Amino acid sequence: MRLSFSSPVFLSHEIIKAVVVLGDTVVDATAGNGKDTLFLAGIVGSSGKVVAFDCQVEAIKATLHSLEQHGVSSWVQIVAAGHQKMDEFIFEPVKAVMFNLGYLPGSDKKVITTAENTLCALEKALRLLLVNGVITIVVYPGHPGGKEEAQAIEEYLQSLSPKAYLAVSLGYINRSNAAPYLIAVYKTAEV
4 MRLSFSSPVF LSHEIIKAVV VLGDTVVDAT AGNGKDTLFL AGIVGSSGKV
54 VAFDCQVEAI KATLHSLEQH GVSSWVQIVA AGHQKMDEFI FEPVKAVMFN
104 LGYLPGSDKK VITTAENTLC ALEKALRLLL VNGVITIVVY PGHPGGKEEA
154 QAIEEYLQSL SPKAYLAVSL GYINRSNAAP YLIAVYKTAE V
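Residue 4 is where the sequence shown starts when you use this note's numbering, and the numbers rise one by one after that.
Rendered as structure tokens:
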């Protein structure tokens, strides 16, 4: 397989594939149109579990439709709530959490993820994350509120202990500052 650097989403998938195996429990913190949820369901298989969050009805419907079309809905739990509430629905450690921030493609661009909710969700995701687990965050600084959300995430992650976490940012240096980019956090030890 060729490695493509054209998309931070593709890069997030490559990182997830390097960490997650059959039987793992994982989270899609932003289900959206269901593409990441479907991707995760394929990796963990029927012996694993995916919990997907979204607060928009059309996103939940699109995700469920995609999962049913591919025959993987039986091991996916879709939660009609924002990702900041993940600790109310997940009671076991997880191997990975995926965030794809911004707005639902093809929908109202005024309904976006926010720094406040994303930071709350990120804190909870870090507590749920197993050692040798990973969090991927695709960040979109180009829409209103996106730059502030990106800055808040980066500032928060800079405060993490380097003894327990490795946090990296993968962005394009020859594109505009508004181009989407990937942040990944790998947990190396218990805090």
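Positions of the beta carbon are idealized from the N, C-alpha and C atoms, including for glycine.
These figures come from a predicted structure and were not determined experimentally.
- For residue 150, the enclosing alpha helix (DSSP H) starts and ends at 149-161.
- In the structure shown, residue 120 falls within a helical segment according to DSSP collapsed to helix, strand and coil.
- Residue 31 is bridged by DSSP to 55, 101.
- Only residues of its own chain outside the window of five on either side were considered, and among them none has a CB closer than 8 Å to the CB of residue 94.
- DSSP lists 97 as the bridge partner or partners of residue 132.
- For residue 81, the enclosing beta strand (DSSP E) starts and ends at 79-83.
- Excluding sequence positions up to five before and after residue 143, its CB lies within less than 7 Å of the CB of 104, 105, 149, 183, all in the same chain and listed in chain order.
- Contact check for residue 152 against residue 187 fails: the beta carbons are separated by 8 Å or more.
- Ranked by Cα distance from residue 78, the options 51, 85, 113 are led by 51.
- Rounded to whole angstroms, the separation of the alpha carbons of residue 67 and residue 178 is 35 Å.
- Under a 10 Å Cβ-count criterion, residue 161 is classified as exposed, with fewer than 16 other Cβ atoms of the shown protein chains found around its own Cβ.
- Assignment of residue 21 by DSSP, reduced to helix, strand and coil, places it in the helix class.
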